[in-house]
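Peer 1: Please see the structure below; I have some questions.
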Amino acid sequence: MNKAEKASRELAGAENLAHGDSFIHRMSPLSKLAVTVTYIAVTVSFGKYDFSALAVMALFPVIAYQLALIPVFTCFRKLRMILPLVCAVGLFNPVFDREILFTVGSLRISGGVVSMITLMMKGVFSLMASFLLAATTKIEDICASLRKLHIPKMLVSLLLLTFRYISVMLDEVSVMSCAYSLRSPGSRGVAVGAWGSFLGQLILRSSDRANELYESMVLRGFNGEFEYTRPQSGGAVSWLISAAVIALIFTARFFNLTEALGSLIGR
Amino acid sequence: MIVFENVTVAYDRGAPALHSLDFEIKDGAAVGIIGANGAGKTTLFKALTGLLPFEGRITVNSVEVAKKNLPGIRKMLGYVMQNSDNQMFMPKVSDDMIFGPVNYGMSREEAGKRADEVLGKLNISYLRDRYNHKISGGEKRLAAIATVLAMEPEILLFDEPSSALDPKNRRMLINILNSLGETKLIASHDLDLVLDTCREVMLLNEGRLCAFGSAKEILTDKALLEANGLELPLRYQN
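Chains C and D supply the protein sequences, listed in that same order.
Take the first sequence: its letter number 176 is residue 176 in this note's numbering, and every next letter is one higher.
Take the second sequence: its letter number 64 is residue 1064 in this note's numbering, and every next letter is one higher.
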């Protein structure tokens, strides 16, 4: 199995997670979307030195993953290519911000180090929350929820089609890589000299397949908007829980729960 | 009834892929469309479904194939494409099956019931909750047919339906095709399948209609077939 095929299967595997049957899976897609968006917005709104206050935000994804019966490790494994990029965002902060904020024993911690860690945490938490939404809600349901929020249908269709066409492209890469490796034994990957024609062919083949897929959709009544996924009406329980979670998220934003907990234990 | 009147199709202003086609296909007919590679079989289907622009006039049940009528035309036509991989785009077979009916206004529950009926009719109910990327080529072909039948079209278009099928699945497909009462157009290189499923045959060569008549007469005419780049069906070879 070549890398593209592995990636394609991994994508399909990630999509399969959304077909699970847990409490979180059964919640209304719109309420889950609302919680996720709120969580991410609140998480990124923390100040760059609010390291301790931000730490408590880890609780939401950790608990939610347990309720969704998805190991947190799955998230890190699936997102292993993106996580380093997210973590690299604040890498230069220690160089530019050298003001000492506090000391731990003899170790002096600069503002740059704290802001770097805070940035990393924000990125990782946001990714975890996004992955949780994707792993517990079908892409069609997410798109239907977005439409319910009056996001333009063109944007929503674009999101859904992009998601669908990624696998089409990966399939083509897989077939072409296989054909290439069969005729170039012992080579590691595609030779630089063949990149141009390989990419060109890939684009043409993917485009042809995408066109045929589109034709198949059009022939079955697709008119620019996906009608077939109407979000479940979402019981009151789902919305009540979501409202409570949102309230907790805002509480964590405006009250430093970590500090409060620390002082409570200190007494 | 399908009527083609002086229909010409050209890709990107190049040489025409179909030349001045004139023919009629009556309701309930089963017509095989045969021809060598590049004869224009798929182009004919694409023009009929309004996927390709054309000159001339095509009508389906007296409705002209024109932009304003396309939703109605496409509801009447069920097109099973040559490559099922390009036809099935949803994660599960059941998702794909309800896609069309729901787009035409049916509720998900009703569409689900209809999907179950069709799967039962084709004896592939076990595929209902299977993932498209995990089923075999033969199963995918049958599932693709099911997605089209779920729309209850009046006319069925099959493009190379027996490609990628093993002998057992091919036999099953022939039985399925024969059990369908709708008007059928079957484009295929598998002349034995055409003989088993169609009463009439349309022979195309380089976009021109060379013969249209009884399947048995055309498919046993060695000279005609060879003049148009084909051979006798296997059962008539020695």
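Don't be surprised by glycine CBs; every beta carbon is placed ideally from N, CA and C.
Please read all numbers here as calculations on a predicted model, not as lab measurements.
Ignore the nearest five residues each way along the sequence and tell me which others in L1243/D's own chain have a CB closer than 6 Å to its CB.
Peer 2: The displayed coordinates of chain D run from 1001 to 1238. Any statement about residue 1243/D would go beyond what the structure contains.
Peer 1: Please check the pair K1191/D and L1219/D, which I expect to be a contact at CB under 8 Å, by giving their CB distance rounded to whole angstroms.
Peer 2: The sequence shown places Leu at residue 1191/D, rather than the Lys named in the question. With a Cβ gap of about 6 Å, L1191/D and L1219/D count as contacting.
Peer 1: By DSSP, does S242/C sit in helix, in strand, or in coil?
Peer 2: S242/C: helix per DSSP, three-state reduction.
Peer 1: Taking M1090/D as the reference, which of F255/C, F226/C, T258/C has the closest Cα?
Peer 2: Of F255/C, F226/C, T258/C, the residue nearest in Cα terms is F226/C.
Peer 1: Using a Cβ-Cβ distance under 8 Å, would M217/C count as near chain D?
Peer 2: Output row for M217/C: interface = yes.
Peer 1: Report all residues from its chain with a CB closer than 7 Å to the CB of K1026/D; omit the five preceding and five following residues, and keep chain order.
Peer 2: Counting only Cβ-Cβ distances below 7 Å, and skipping sequence neighbours, we find M1001.
Peer 1: Whose C-beta lies closer than 8 Å to the C-beta of V1063/D among residues of the same chain, with five residues either side of it excluded?
Peer 2: Result list for V1063/D: N1069, G1072, I1073, M1076, in chain order.
Peer 1: I want to see whether chain D comes within less than 8 Å of R209/C, judged by CB atoms only; does it?
Peer 2: At least one chain D Cβ lies under 8 Å of R209/C.
Peer 1: Applying the criterion that 16 or more other CB atoms from any shown protein chain within 10 Å of the CB defines a buried residue, is Q1237/D buried or exposed?
Peer 2: Per the 10 Å Cβ criterion, exposed.
Peer 1: With 16 other CB atoms within 10 Å as the buried threshold, where does Y1011/D fall?
Peer 2: Answer is exposed; the Cβ neighbour count stays below 16.
Peer 1: Start and end of the beta strand (DSSP E) containing M1202/D?
Peer 2: Here the beta strand (DSSP E) through M1202/D covers 1200-1205.
Peer 1: F1212/D bridges to which residues according to DSSP?
Peer 2: Answer by DSSP bridge pairing, in chain order: M1202/D.
Peer 1: Would you grab the beta carbon distance between C87/C and G123/C for me? Rounded to a whole angstrom, and I think it's under 8 Å.
Peer 2: The pair is a contact, with the Cβ atoms about 7 Å apart (cut-off 8 Å).
Peer 1: Assuming I1033/D and A1187/D are in contact, meaning their beta carbons sit under 8 Å apart, how far apart are those beta carbons, in whole angstroms?
Peer 2: Indeed they touch by this definition, with Cβ atoms about 4 Å apart.
Peer 1: Closer than 8 Å, CB to CB, is F163/C near chain D or not?
Peer 2: Taking Cβ atoms only, chain D never reaches closer than 8 Å to F163/C, which makes this a no.
Peer 1: With DSSP collapsed to three states, give me the class of S177/C.
Peer 2: In the structure shown, S177/C sits in a helix (DSSP, three-state: H, G or I).
Peer 1: Give the residues of chain D in contact with R220/C, contact being defined as C-beta atoms less than 7 Å apart.
Peer 2: Those are F1099, G1100, N1103, M1151, listed as they occur along chain D.
Peer 1: Can you give me the start and stop residues for the beta strand (DSSP E) that F1004/D sits inside?
Peer 2: Residues 1002-1010.
Peer 1: If you measure from the beta carbon of E15/C to each beta carbon in chain D, is any gap under 8 Å?
Peer 2: So, interface residue.
Peer 1: Look up F1023/D in the DSSP assignment and give the residues it is bridged to.
Peer 2: In DSSP, F1023/D forms a bridge with F1004/D.
Peer 1: Hey, which unbroken runs of the beta strand (DSSP E) at 3 residues or more fall wholly within the stretch 26-53 of chain C?
Peer 2: Entirely contained in the stretch 26-53 of chain C, not one beta strand (DSSP E) run reaches 3 residues.
Peer 1: Since P29/C and S145/C should fall inside the 8 Å C-beta cutoff, what is the C-beta to C-beta distance between them, to a whole number of angstroms?
Peer 2: Between S145/C and P29/C the Cβ distance is about 5 Å, and since that is below 8 Å, they are a contact.
Peer 1: Output needed in chain order: residues of the stretch 1052-1074 of chain D with a Cβ under 8 Å from some Cβ in chain C.
Peer 2: Those would be P1071, R1074, in chain order.
Peer 1: Which residues of chain D have a Cβ atom closer than 7 Å to the Cβ of L213/C, listed in chain order?
Peer 2: Result: N1086, F1089.
Peer 1: On the DSSP bridge assignment, give the partners of G1032/D in chain order.
Peer 2: G1032/D is bridged to I1186/D, V1201/D.
Peer 1: For chain D, check one thing: does any of its Cβ atoms lie closer than 8 Å to the Cβ of A236/C?
Peer 2: With 8 Å as the cut-off, A236/C does not count as an interface residue toward chain D.
Peer 1: Could you confirm whether any beta carbon from chain C is found closer than 8 Å to the beta carbon of Y1011/D?
Peer 2: By this cut-off, Y1011/D is not an interface position.
Peer 1: Specify, as a first and last residue, the run of the beta strand (DSSP E) that Y1079/D falls within.
Peer 2: Element bounds for Y1079/D: 1077-1080.
Peer 1: Spatial neighbours of F131/C within its chain, please: C-beta separation below 8 Å, excluding the five flanking residues on both sides.
Peer 2: Counting only Cβ-Cβ distances below 8 Å, and skipping sequence neighbours, we find C75, K78, L79.
Peer 1: At 8 Å on the CB atoms, spell out the chain C contacts of M1172/D, in chain order.
Peer 2: Within chain C, no residue comes near M1172/D; the closest Cβ sits about 23 Å away, beyond 8 Å.
Peer 1: Could you tell me which chain D residues have their CB closer than 7 Å to the CB of A144/C, listed as they occur along the chain?
Peer 2: Under the 7 Å cutoff, chain D gives no residues; its nearest Cβ is about 11 Å from A144/C.
Peer 1: Return the first residue and the last residue of the alpha helix (DSSP H) that F60/C is part of.
Peer 2: Unbroken alpha helix (DSSP H) run through F60/C: 59-67.
Peer 1: Less than 8 Å between CB atoms is the rule here; does M1081/D satisfy it with respect to chain C?
Peer 2: At least one chain C Cβ lies under 8 Å of M1081/D.
Peer 1: I think G1213/D touches V1201/D, with their Cβ atoms under 8 Å apart; what is that distance to the nearest whole Å?
Peer 2: Indeed they touch by this definition, with Cβ atoms about 7 Å apart.
Peer 1: Could you check which residue in K1216/D, E1206/D, R1235/D has the C-alpha nearest to that of N1228/D?
Peer 2: It is E1206/D.
Peer 1: Skipping 5 residues on each side, what residues in its chain have a beta carbon closer than 6 Å to that of K153/C?
Peer 2: Cβ neighbours of K153/C beyond the five flanking positions: E225.
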